[in-house]
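Have a look at the structure below, then the notes.
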Amino acid sequence: MFTFPLPLASMLGHWGSYAVYAVIGIAFGMTLESAGFGNSKLLAAQFYFKDMRVFKVMFTAIIVAMTLIFLASGLDLLDYNLIWVPPTYLWPGIVGGLIMGVGFIIGGFCPGTSLVGMATGKLDAIMFVAGVLFGIYLFGETVGSFATFFNSSYMGRFTLPELFNTSYGMVVISIVVVALLLFMVAEKVEAMVNDRPNKALPAWSKSAALVLVALAVVNVAIGQPTAEDRWQAVAAESQARLDNREVQISSAEFLQYRDDKKIKIIPLDVRDETSYNQFHLRGAVHVPLDQVQAKAKELQFEPANTVFVLMSNDEEAATEAWKILRAESVPNIYILAGGINAWLKTYGGNSVDEMERVANRQEDQLAYRFKSATGERHPAAEPEADQLDLEFEPKIILEMKRAPTSGGCG
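In the working numbering, the protein residues as written are 306 to 715.
Next comes the structure, spelled out in structure tokens:
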């Protein structure tokens with residue numbers, strides 16, 4: 306059984322995956338055109354409450370997709386962590402939404418529907434697309450002047466369940482019920498504005514609404530997989546990789562790729578604060594083990610060529626962190642073989658030889674006593690890779706990133 310999203314690039318190859326994207330795009334465009342969304346007059350009519358078709362079609366698509374996505378996630382058919390959820394920048398998002406809304410009212414199109422109109426040769430759509438392209442150019446040339454605001458009020462991957470502190474299932478059923486009620490309100494508003502009696506709903510619409518509500522109730526009942534559930538789903542394959550030491554990279558490989566411009570290396574130090582302050586690698590990000598799961602959402606936004614290297618004093622805490630991030634579907638995660646103790650032994654030189662070793666130390670405890678907190682000021686924090694003989698068995702292989710979601714209308 307497949308787990309979605311499907312890795313189309315690895316299944317069908319580069320051009321094969323693009324063929325699938327093309328088919329989906331053409332089918333989506335045909336659907337929009339058949340719904341009348343290539344007509345700017347029909348689209349603009351919603352702002353005068355004369356024709357609420359856009360609202361009803363788009364919101365139907367949203368609630369159906371939402372219900373099926375979380376149902377599939379609850380049934381372990383879909384890894385929700387692999388779906389790209391755009392980060393929230395609250396105030397820039399609000400201002401951008403207002404600007405787009407005004408443009409929608411004036412031009413009669415949103416970016417997606419304008420392309421549909423252009424494909425059918427509509428002059429107003431062609432002019433709208435030209436305006437969109439000019440706006441993109443103008444934004445790119447001026448964004449530096451308001452970059453502070455543009456990057457302000459960052460909230461990360463922020464979703465409604467986090468906002469209301471409730472479950473995904475409760476959010477799903479709430480939105481479905483509210484949407485269905487608004488559909489009925491929209492019908493009455495249309496009839497009132499157009500001075501006509503209410504249209505009779507198709508016979509199948511009531512059955513479809515009941516099915517959708519029933520599926521939303523199922524979402525509440527089954528819930529979403531926990532972190533432990535997600536680990537169990539990948540435990541067999543992942544534990545084998547740990548046992549076969551496929552993800553424990555040598556310090557030499559770490560140093561080799563640290564200066565590689567094609568790969569972005571992010572060292573994640575999961576030790577306690579005392580050990581981290583005594584010594585850590587140059588540029589290492591301190592993420593205590595109990596904060597790793599919360600950090601996972603932020604790590605998802607790193608570029609596709611990012612490799613995360615987990616490190617602890619030995620490997621115990623780093624291995625636990627690897628399991629957490631693996632369960633959260635963070636790609637390209639590795640463990641520094643031997644941890645910080647092995648690193649100091651390899652690159653510490655005379656400064657480490659002169660230090661007192663900890664007798665009868667516990668597992669994953671720092672092996673050396675530092676007279677003071679050296680942090681990344683210690684010579685071993687950043688050895689020069691070009692002065693070392695870096696021989697190693699390469700293990701780093703970049704994995705696929707998340708599947709994107711559509712933004713905007715159409």
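Cβ atoms here follow ideal geometry from the backbone N, Cα and C, with glycine treated the same way.
Since the model is a prediction, treat every value here as computed from it, not as a measurement.
Cβ-based burial, residue i [other Cβ within 10 Å; buried from 16]
i    : result
R501 : exposed
M306 : Interpretation of M306 is limited by its pLDDT of 42, a score under 50 that renders its predicted location unreliable; the figure taken from the coordinates is listed afterwards. It counts as exposed.
I441 : exposed
V481 : buried
S677 : exposed
Q583 : buried
G255 : With the chain running from 306 to 715 in the structure shown, residue 255 is simply not present.
Per-residue DSSP class, three states only, for residue i
i    : result
T418 : helix
E607 : coil
H591 : strand
P688 : coil
K569 : strand
L382 : coil
R563 : helix
E661 : strand
D534 : helix
D669 : coil
F675 : coil
D429 : helix
F364 : helix
M357 : coil
I411 : helix
I374 : helix
M306 : The pLDDT assigned to M306 is 42, lower than 50, so where the model puts this residue is not dependable; a value taken from the coordinates is nonetheless given after this. M306: coil per DSSP, three-state reduction.
D548 : helix
Residues that residue i bridges to, as DSSP identifies them
i    : result
G461 : T393
Y581 : Note: Y581 sits in no beta bridge, so no partner.
Q529 : According to DSSP, which records beta bridges pairwise, Q529 is partnered with nothing at all.
I641 : Note that residue 641 corresponds to Leu in the displayed sequence, not to Ile. I554, per the DSSP bridge assignment.
I480 : BP columns for I480 are empty, so no partner.
Cβ shell of residue i (< 6 angstroms), same chain only, five flanking positions each side left out
i    : result
M357 : Q351, A491 and E495
I527 : G379
E661 : R674
8 angstroms Cβ shell around residue i - same chain, five flanking residues per side excluded
i    : result
Q529 : F375, S378, G379, Y385, S472, Y473 and G474
P593 : V575, R576, D577 and E578
I701 : I554, E558, Y562, I568, V612, N637 and Y639
L520 : T372, L373 and L376
K355 : E495, V498 and N499
V525 : S472, G474, M475, V477 and I478
Close Cβ partners of residue i (< 7 angstroms) along its chain, the five nearest in sequence each way excluded
i    : result
T651 : S556
T611 : K569, I571 and N637
V522 : I478
A505 : none
K600 : V592
With three or more beta-carbon pairs closer than 8 angstroms as the criterion, would you say the stretch 639 to 646 touches the stretch 664 to 675?
yes
Are there three or more Cβ pairs, one per stretch, closer than 8 angstroms when the stretch 318 to 329 is compared with the stretch 391 to 402?
no
Counting beta carbon pairs with one atom in the stretch 592 to 609 and one in the stretch 625 to 636, are three or more of them shorter than 8 angstroms?
yes
Could you check whether the stretch 332 to 350 touches the stretch 412 to 423, counting it as contact only if at least three pairs of C-beta atoms, one from each stretch, sit closer than 8 angstroms?
yes
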